[in-house]
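Chains as they are written, first to last, in our numbering: chain L, 1 to 333; chain Y, 1001 to 1333.
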């Protein structure tokens, strides 16, 4: 009637009732990961001298995922990782997160495993779960809001003429998995893993920030689109060398450029780094590739005419331009 | 396809597309109130020496409101005020908020007025809108996550034996309005206003904290239930004098005890305050009542037997006990 929701910031000491039970179940699954619950709001401390970084991210059934594609545990993991990746994209360290869950009756029995996925992703990201809100809904909705901190958050607007443009990992897996799922086929194991179990590159982002990263973004819309965001924010153009874009086995260049929800990092670093040493050290530290895929080209560069897009992809012959994938707009889709 | 949502933390410089247009429309309505958008996450500063206070609150169509009951502007106001009220309940000062909106096609044309309501409530609370996420949904969902700060947030666990228990405003309006709406009748103008246009008592809470408030909660579940939270967290019992509970015209004592989503404050203050002077100063500052409605009674107080609830309401004759309204549990309802 009135409150009509179960905020476990507020009510977990109370009961009985089916909502209380669900909240208790989740808190039980999370154990020490859940903290600060039991009041109207959670209290956290931002380390002295650091700035607060916040982002919110909703994952909704039949918009962001379909029930048959992923296990509840994977849905929880993915929704939480997607939010945490926005902290990585600022080179921020996670402090905590809050989760608002809208749960249809058909999903009530999956709440414990959803909670497991949320908890596993939070733990992997080093974020405590400090509050939440559980309500009924006609479709499953998971809205994760993350809080982190950094002395100097790294935005998108710092790319400068001549910078190297880099990307972590290998791209194309999530798009290949999605394509198979949409066609009713089983994705390859490796592609499915990249789709269902992405990683938020938290530690990697901080390592890269310490080494001079000037602009940083996570690959959520596809490398071409996300580099477009960097280029627009920085007022530059970016030339990607197609042959250098790291791809998972079987992925075309177009796949690698368009594949979203990768949660890899794309970044601009000054040109004066030792490229081989940097890639070697990164791979040794994190077990994934760090690859220079292109360069920043300032506006007015004669190689790029005014009418061209902010991101150009140069083919193997050094001249062919590859068509860029369009941005997506799911209200139109 | 991939990203399948429009985070205006990320994309508002881009376009075209129907989602971009909706986000631009909202940002246009908010003007200077929206800030820090245009990156993966927003960056805020918590004042030195203050702690971060966070809470998340979801408002979902047909769970928290029905379309015919409220205008879109009121729905936006109410969802945002509900979240901000959790900062008031900690005596925290709002820093900012993020909004995740799930919008069905039937609501798309209402997004500008929803945004007006969200913006008006944020402005009233002194919170900037620092990010958000716009997605499709089968039902309208507004998840507002608020960030505030306080040197010493006031929790629920500080009530002590002998403290006075106080409440702001007059209670019962939202329940009376809801009862009328559920019966298909038009609520009274004043009751409807309390239901549709609640206020988050931000400034009031800080004023009260400065005057020694030891435990604080907002009245979201109903005074009896919310005082129950304070009593449980503080390990005390609370005796409410029924005749002292301030009610709106027409409300019974039971109404005033059960009415939720009031967003008034309930609090415990040491007994040594000058009660008349405090109420007078508060009314002069904020134009609403501050009323002592009862006292904290420590566990073991002989006036309260072990089997009794943590909150007892004593009737006009000083002896009659009033039945307490049950907590609500909308999954069971």
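Positions of the beta carbon are idealized from the N, C-alpha and C atoms, including for glycine.
Note that the coordinates shown come from a computational prediction; the quantities given were computed from them, not determined experimentally.
**Message:** If I follow the unbroken alpha helix (DSSP H) through residue 113/L, where does it start and stop?
**Reply:** Unbroken alpha helix (DSSP H) run through residue 113/L: 111 to 125.
**Asked** So which residues of chain L does residue 1093/Y contact, with C-beta pairs closer than 9 Å?
**Response** Under the 9 Å cutoff, chain L gives no residues; its nearest Cβ is about 12 Å from residue 1093/Y.
**Prompt:** Should residue 313/L be listed as close to the ligand MN, given that the test is whether its C-beta is under 7 Å from any heavy atom?
**Reply:** The model depicted lacks the ligand MN and carries no ligand whatsoever.
**Message:** For a test of the three-state rule: what should DSSP assign to residue 166/L, helix, strand or coil?
**Reply:** Taken through DSSP and simplified to helix, strand or coil, residue 166/L comes out as strand.
**Prompt:** Within this structure, are the beta carbons of residue 62/L and residue 139/L separated by less than 8 Å?
**Reply:** yes
**Prompt:** Residues in its own chain within less than 8 Å of residue 1047/Y by CB, not counting five upstream and five downstream?
**Reply:** 1149
**Prompt:** By the 10 Å Cβ neighbour count, where 16 or more other Cβ atoms means buried, how is residue 182/L classified, buried or exposed?
**Reply:** exposed
**Request:** Taking residue 1040/Y as the query, report the chain L residues whose CB atoms sit under 7 Å from its CB, ordered along the chain.
**Result:** 55, 86, 89, 90, 217, 218
**Request:** Determine whether the Cβ of residue 1044/Y lies closer than 8 Å to any Cβ atom of chain L.
**Result:** Using beta-carbon distances, residue 1044/Y counts as an interface residue toward chain L, with a partner under 8 Å.
**Item:** Given 8 Å, three or more beta-carbon pairs between the segment 1196 to 1212 of chain Y and the segment 1258 to 1267 of chain Y
**Value:** yes
**Asked** Going along the chain, which residues of its own chain have a beta-carbon closer than 8 Å to the beta-carbon of residue 1283/Y, five neighbours each way excluded?
**Response** 1289, 1290
**Prompt:** Does DSSP put residue 1158/Y in a helix, a strand or coil?
**Reply:** coil
**Request:** Could you confirm whether any beta carbon from chain Y is found closer than 8 Å to the beta carbon of residue 1/L?
**Result:** Legend: pLDDT at residue 1/L = 30, less than 50; position of this residue unreliable, value from coordinates given subsequently. With 8 Å as the cut-off, residue 1/L counts as an interface residue toward chain Y.
**Asked** When we look at the beta-carbon of residue 1210/Y and count the other beta-carbons within 10 Å, is it buried (16 or more) or exposed?
**Response** exposed
**Message:** Is the beta carbon of residue 1269/Y closer than 8 Å to that of residue 1157/Y?
**Reply:** At least 8 Å separates the beta-carbon of residue 1157/Y from that of residue 1269/Y.
**Asked** If you pair each beta-carbon of the segment 126 to 144 of chain L with each one of the segment 1051 to 1065 of chain Y, do three or more pairs fall below 8 Å?
**Response** Touching, per the Cβ criterion.
**Request:** Scan the segment 1143 to 1163 of chain Y for residues whose Cβ lies nearer than 7 Å to a Cβ of chain L and list them as they occur along the chain.
**Result:** 1143, 1145, 1147, 1153, 1155, 1156
**Asked** Does the Cβ of residue 1229/Y have 16 or more other Cβ atoms within 10 Å, making it buried, or fewer, making it exposed?
**Response** buried
**Request:** Quick one: which residues of the segment 100 to 133 of chain L get their C-beta closer than 9 Å to a C-beta of chain Y? List them in chain order.
**Result:** Those residues of the segment 100 to 133 of chain L that come within reach of chain Y (Cβ to Cβ, closer than 9 Å) are 100, 101, 102, 103, 105, 108, 130, 131, 132, 133.
**Prompt:** Do the segment 1022 to 1033 of chain Y and the segment 1115 to 1129 of chain Y meet, that is, are 3 or more Cβ pairs less than 8 Å apart?
**Reply:** Result yes; three or more Cβ-Cβ pairs closer than 8 Å.
**Asked** Quick one: what's got a C-beta closer than 7 Å to residue 178/L's C-beta in the same chain, skipping five residues either side?
**Response** 195
**Message:** Strictly under 8 Å for the Cβ-Cβ distance: is residue 236/L near chain Y by that measure?
**Reply:** Not a single CB atom of chain Y sits nearer than 8 Å to the CB of residue 236/L.
**Message:** When you compare the CB of residue 1194/Y with every CB in chain L, is at least one pair closer than 8 Å?
**Reply:** Chain L, which has no Cβ nearer than 8 Å to the Cβ of residue 1194/Y, makes this no.
**Message:** Only counting the same chain, and skipping five residues up and downstream in sequence, which positions put a Cβ closer than 8 Å to that of residue 1246/Y?
**Reply:** Here the set comprises 1167, 1169, 1170, 1171, 1256, 1289, 1291, 1293.
**Item:** Opening and closing residue of the alpha helix (DSSP H) in which residue 148/L lies
**Value:** Segment 141 to 150 is the beta strand (DSSP E) holding residue 148/L; no alpha helix (DSSP H) there.
**Request:** Please classify residue 1109/Y: is it buried, with 16 or more other beta-carbons within 10 angstroms of its beta-carbon, or exposed?
**Result:** exposed
**Item:** Whole-angstrom distance between residue 22/L and residue 16/L, CA atom to CA atom
**Value:** With a pLDDT of 42 at residue 16/L, under the threshold of 50, the predicted position of this residue should be treated as unreliable, though the coordinate-derived value follows. Between residue 16/L and residue 22/L, the C-alpha separation is close to 11 Å.
**Message:** Please classify residue 249/L as buried or exposed, where buried requires at least 16 neighbouring CB atoms within 10 angstroms.
**Reply:** exposed
**Request:** Would you list the residues sitting across from residue 1132/Y in a DSSP beta bridge?
**Result:** 1099/Y
**Message:** Just list the residues that DSSP pairs residue 94/L with in beta bridges.
**Reply:** 148/L
**Which residues DSSP lists as bridging residue 294/L, in chain order** = 165/L, 240/L
**Asked** Listing by chain order, which chain Y residues have their CB less than 9 Å from the CB of residue 223/L?
**Response** Within chain Y, no residue comes near residue 223/L; the closest Cβ sits about 11 Å away, beyond 9 Å.
**Request:** Classify residue 189/L as buried or exposed, calling it buried when 16 or more other Cβ atoms lie within 10 Å of its own Cβ.
**Result:** With fewer than 16 other Cβ atoms within 10 Å, it is exposed.
**Asked** How far does the alpha helix (DSSP H) with residue 1086/Y in it reach, from first residue to last?
**Response** In the DSSP assignment, residue 1086/Y falls within the unbroken alpha helix (DSSP H) covering 1072 to 1088.
**Message:** Please report the distance separating the alpha-carbon of residue 203/L from that of residue 88/L.
**Reply:** 8 Å
**Message:** So that I know if they touch, is there some Cβ in chain L lying closer than 8 Å to that of residue 1315/Y?
**Reply:** no
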